[in-house]
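*Asks:* Throughout, our numbering is defined as the position within the sequence shown, counted from one, plus 5.
One structure, as structure tokens, below. Some questions next.
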Amino acid sequence: MSCSDDKIYICRCEEVTREDIEKAIADGATTLAGIKKRTHAGMGLCQGRTCSKLITRILAEHGIKPADVYPQTSRPPVRTAKIGDFVEEDDV
Ligand code: FES
6 MSCSDDKIYI
16 CRCEEVTRED
26 IEKAIADGAT
36 TLAGIKKRTH
46 AGMGLCQGRT
56 CSKLITRILA
66 EHGIKPADVY
76 PQTSRPPVRT
86 AKIGDFVEED
96 DV
């Protein structure tokens, strides 16, 4: 069994492959935010802690300096919570 480099997962959280990143770059993405917008890489549970360095490296292979790759905006995962989770029984 062989695996080409293009099928390697760069963003494990969102299952984005190197091929997806290359397509986004070909589509005009030159920053982490541009890659994120086109592929959802960096939108997973780790918020890009794992994949942002790999994406920066791929961008560098395309002549985009790491200093020119703007950091992506991180947003923590949102989960619903009941009001009761924040109030103790004595407060009611
Ligand atoms: S590996 Fe990309 S968001 Fe977690």
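Beta carbons: idealized from backbone N, C-alpha and C, even for Gly.
Taking its Cβ as the centre, do 16 or more other Cβ atoms sit within 10 Å of residue 19, making it buried, or is it exposed?
*Replies:* Residue 19 should be labelled buried.
*Asks:* Which residues does DSSP list as the beta-bridge partners of residue 21?
*Replies:* 16.
*Asks:* I'd like to check one pair, residue 22 with residue 30: are the Cβ atoms closer than 9 Å?
*Replies:* No. Outside cutoff.
*Asks:* How big is the Cα-Cα spacing for residue 88 and residue 94?
*Replies:* Approximately 12 Å between the Cα atoms of the pair.
*Asks:* Just to confirm, is the Cβ distance from residue 73 to residue 44 under 9 Å?
*Replies:* In this structure, residue 44 does not lie closer than 9 Å to residue 73 by Cβ.
*Asks:* Within 10 angstroms of its Cβ, does residue 33 collect 16 or more other Cβ (buried), or is it exposed?
*Replies:* Exposed is the call here.
*Asks:* Indicate, with yes or no, if the ligand FES has a heavy atom lying under 8 Å from the CB of residue 29.
*Replies:* For the ligand FES, not one heavy atom lies less than 8 Å from the Cβ of residue 29.
*Asks:* Would you mind reading off the limits of the alpha helix (DSSP H) that contains residue 61?
*Replies:* Residues 56-66.
*Asks:* Quick check: is any heavy atom of the ligand FES less than 8 Å from the C-beta of residue 47?
*Replies:* Answer for residue 47: yes, Cβ within range of the ligand FES.
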